Structures are given as C-alpha cells and as structure tokens.
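The next block holds one structure in the form of structure tokens; read it before the comments.
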Amino acid sequence: MHPYSGVLEVNLTALRHNWRVLQRRFCGAECGAVVKANAYGLGVVPVVGALAAEGCQNFFVANYAEAIEIKPFVAVNANIYVLQGCPAGMELGFQDAGLIPVLISKTMVERWCQHARPGAARCALKVNTGMNRLGLSASELLQCVANRDLWCDAVPIALMSHLACAEEVGHSMNDVQLQRFDEALRGVRRYFPAITASLANTAALFLDRRWHFDLARPGIGLYGGQSAMPGVEALREVVTLRLPVIQVQTIGVGESIGYGGTFCAQREMRVAVVRGGYADGVMRSLSNKAYGWWRGAIPMVGRVSMDSCAFDITDVALSEQPEEGDMIEVLGPNCSLVAQSSRAGTISYEVLTRLGERLQKHYVE
Ligand SMILES: *Cc1c(COP(=O)(O)O)cnc(C)c1O
Numbered sequence: 004m005h006p007y008s009g010v011l012e013v014n015l016t017a018l019r020h021n022w023r024v025l026q027r028r029f030c031g032a033e034c035g036a037v038v039k040a041n042a043y044g045l046g047v048v049p050v051v052g053a054l055a056a057e058g059c060q061n062f063f064v065a066n067y068a069e070a071i072e073i074k075p076f077v078a079v080n081a082n083i084y085v086l087q088g089c090p091a092g093m094e095l096g097f098q099d100a101g102l103i104p105v106l107i108s109k110t111m112v113e114r115w116c117q118h119a120r121p122g123a124a125r126c127a128l129k130v131n132t133g134m135n136r137l138g139l140s141a142s143e144l145l146q147c148v149a150n151r152d153l154w155c156d157a158v159p160i161a162l163m164s165h166l167a168c169a170e171e172v173g174h175s176m177n178d179v180q181l182q183r184f185d186e187a188l189r190g191v192r193r194y195f196p197a198i199t200a201s202l203a204n205t206a207a208l209f210l211d212r213r214w215h216f217d218l219a220r221p222g223i224g225l226y227g228g229q230s231a232m233p234g235v236e237a238l239r240e241v242v243t244l245r246l247p248v249i250q251v252q253t254i255g256v257g258e259s260i261g262y263g264g265t266f267c268a269q270r271e272m273r274v275a276v277v278r279g280g281y282a283d284g285v286m287r288s289l290s291n292k293a294y295g296w297w298r299g300a301i302p303m304v305g306r307v308s309m310d311s312c313a314f315d316i317t318d319v320a321l322s323e324q325p326e327e328g329d330m331i332e333v334l335g336p337n338c339s340l341v342a343q344s345s346r347a348g349t350i351s352y353e354v355l356t357r358l359g360e361r362l363q364k365h366y367v368e
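Quick note on the working numbering: the sequence shown kicks off at 4 and runs consecutively.
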C-alpha cells in the first residue's frame, strides 16, 4: 500500500530533452533556465542538477533564498540571476555570493552602484517595455547608463525585459514590446556595447527569431507545460502524477457523490475513490471536469475533497477494474498537463506550483 497521497514522477531525461530542444532549435546564442518557485514545484535541486549536467550555464530564480539554495549545484562559473532584484541592505550579501540581481527600479540601481565592490558587482538591468509590472522606464534606464559616475565598480552585464502576450502569435503587444526593447538596447549599447540582451520566455522562443536575442529564459517549456503554439510538440511531458485507489464503491441510480451532491448517478455506477485532493494540488475547480486514466480515460465525478476525489470506472471492463492500491494517472502522457490545467480553468504554471508536500517525488532518468 502507498503511504503517500500519490506519486509525482519527474522525468529528468524529458527535462533535459526539452532544454536541448529550446537551446539548439530556437536559440541564437544561449539558453538559460528559469527555476524559480522550486523549479515550478518540481524540486529545484534535482532539476538544476540535470540542467547543469546538460550544459546550462544561466539560471534565473525569484529571490536570494532560491539563489543560495541552487548555488552548490551549478557550475562555479554559472550565472545566477535573481529576477526580483536586490532588496535594500542585501547588496553585500549578493556580492559575497556572486549573484546577479536583476535591477528593476532606478533606486535599486543607485543603491547597487553605491554598494558595489570592485570586481564583484555584476548586475542586470530590467526595462519596462509595456507589461508594466517591473522595470525601469526607458528614460530612467538611459539616465542611469549615461551616468558614468554610477558605474565605477558596478558592471551591467545584461539588459532584460519581459513579454506580456508572447503566447499569442500575432498579438500587437509583441511588436510594440520588441520595438521598445530594441530601442532601449541601442541606447544602452552606446555605453555598454557588449551587454547581453535577454527578452524571451518559453513562448517567445516559438515566435520568430527577432524575439530571441542573446540569452533566453524559458521556464514552463522545460517542464512540459507550454500551451499550444506552432512547434511546441517537440517538447515532452515531464511530470506524471498518479494517485492510489483507496476504495471502490458501487452506487445506485439517483445516488449522489461527494460534497454538495453535485454529481448524480443516472445508472448503477462503479466509482474509484483515490487518495489525493486539493491539499495535494488536485485543484477543486477540476470537480466534475477532470479526466483520469486507467486503461482509458475515466471522468472525475463529484467535487474534489481536501484529501480525495473520485472517478467513474463503470465503463472499464470488469476484468480490468482498478482495485485498492492501483494507481490512477491524473497528469502525464495520457492526461496532458496543459489539457488538465485548462479543465481546471487555469494555466499549467499554477497546477505545477500547487503540487503538494504530501506527494512522493520520484526522479527518473
Ligand atoms: C517566470 C519568468 C520567465 C519564464 O517564463 P515561462 O513562460 O515559464 O517560460 C522568464 N522571465 C521572467 C522575468 C519570468 O518572471
């Protein structure tokens, strides 16, 4: 019997394949990897280990704690970029650890430069090109780079921006942001001609090469969660989630299933109840909408509970009915992450990052 809520299998071979596809097929120059939020919930240490072994040299995390966690597992000359920059008072800590903050405001740039120690203060600059989330405005950026006094010891090595609508091929925002980024880059290169340009997330790598620039920052595509775009079929599923059956019920016509009685049996049914509910990341919005897989697709019936949910197995051949201890796939080759996320009314990013602590993680090569 399985002591865990379920088993989350992370296929590191598929992960490495995905990074190679993104690197070789799409990138003009370098392909990094975004491993923030515990590598989108999959476990940052094994993920970073696998990507480093594949040759990845540029890692992106959200904050200092995430950067420190991966540092022992990347090559000594690898770059660790911290996407939310350097909080006030952390400048020396960042420099001691050799981290590269992505500076997102004029005050953050000034603070970084004031605290810069010679040879230790590499940084990236983020320009806001229209997403209006983080970044310096174009004019603040130019003021900063033109101010030679700022850059005695600090060294900007990369200019970054982030696309808001990259998943929508042909969206006018993509052109607007590309044009603004190009312009900002031309301005910055008057002062720092060798600066690396980084714009593309996963989706932007499936736009044409004009959006790729020097250093790409894919996240979700590595983990098999990029939604449909031309070319995306070259990426593989990475995650399989299987939940153990804890009871099989036979219920009569007119009986309902689960909280709220939201599913009502129109025929005599066999129902497999599995261990794993919304506390494990099986999103409650999947109630009556998801499919599991056991010798074929089996519909979820009733609401997702905290620790369990149920599947209709009436149509599975009698000789093949699942029993207590059998594992029902809810994400994986037969239940694609993207399709299941869309049934949950959300995106694969949220489904992955919610996968719970009670799941046992297996890493397979
Ligand atoms: C999360 C993030 C990425 C990765 O985006 P994906 O869509 O997962 O490829 C890239 N750049 C920035 C700034 C991010 O925050």
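All C-beta atoms in this analysis are idealised placements derived from N, C-alpha and C, irrespective of residue type, glycine included.
Nothing here was measured: the structure is a model prediction, and the numbers come from that model.
C-beta contact flag for residue i and residue j at 8 Å
i    : j    : result
G35  : C59  : yes
V112 : F76  : no
I316 : A275 : yes
I301 : V319 : yes
Y262 : R306 : yes
T205 : L334 : no
V24  : A237 : yes
A123 : Q98  : yes
W214 : L162 : no
V158 : R125 : yes
V277 : C312 : yes
L11  : Q250 : no
N291 : M309 : no
E271 : G295 : no
P221 : L208 : yes
Ligand 1 heavy atom lying under 7 Å from the CB of residue i
i    : result
R239 : no
L86  : yes
T349 : no
V242 : no
G227 : no
N223 : Rather than Asn, the amino acid found at residue 223 in this sequence is Ile. Correct: I223 has its Cβ closer than 7 Å to ligand 1.
R357 : no
V165 : Looking at the sequence provided, one finds His at residue 165 rather than Val. Yes, ligand 1 has a heavy atom inside 7 Å of this Cβ.
N177 : no
N61  : no
A56  : no
R23  : no
N204 : yes
R28  : no
R183 : no
V77  : no
V37  : yes
R125 : no
R220 : yes
Alpha-carbon spacing of residue i relative to residue j, whole angstroms
i    : j    : result
L128 : V235 : 30 Å
T253 : L289 : 22 Å
E332 : F314 : 11 Å
A219 : E143 : 24 Å
R136 : Y84  : 18 Å
P49  : N66  : 19 Å
L246 : G257 : 27 Å
V248 : G279 : 9 Å
R193 : A187 : 10 Å
L225 : G190 : 32 Å
V148 : G138 : 14 Å
F195 : A81  : 21 Å
R357 : W154 : 41 Å
G227 : A282 : 23 Å
A119 : A91  : 13 Å
A167 : A293 : 28 Å
I3   : T16  : Summary: the structure shown does not reach residue 3, with the chain confined to residues 4 through 368, and so no result is reported for it.
G133 : V179 : 8 Å
T199 : C338 : 39 Å
Y43  : E57  : 19 Å
V172 : V105 : 27 Å
S259 : A268 : 6 Å
T110 : V37  : 25 Å
D329 : T265 : 26 Å
S345 : I71  : 34 Å
R273 : G359 : 28 Å
M93  : P336 : 43 Å
F216 : A32  : 7 Å
Those residues which DSSP pairs with residue i across a bridge
i    : result
I260 : F266
H365 : E12
I83  : F62
A124 : A157
W296 : A300, E332
D315 : V274
P247 : M330
L18  : None, per the DSSP bridge assignment.
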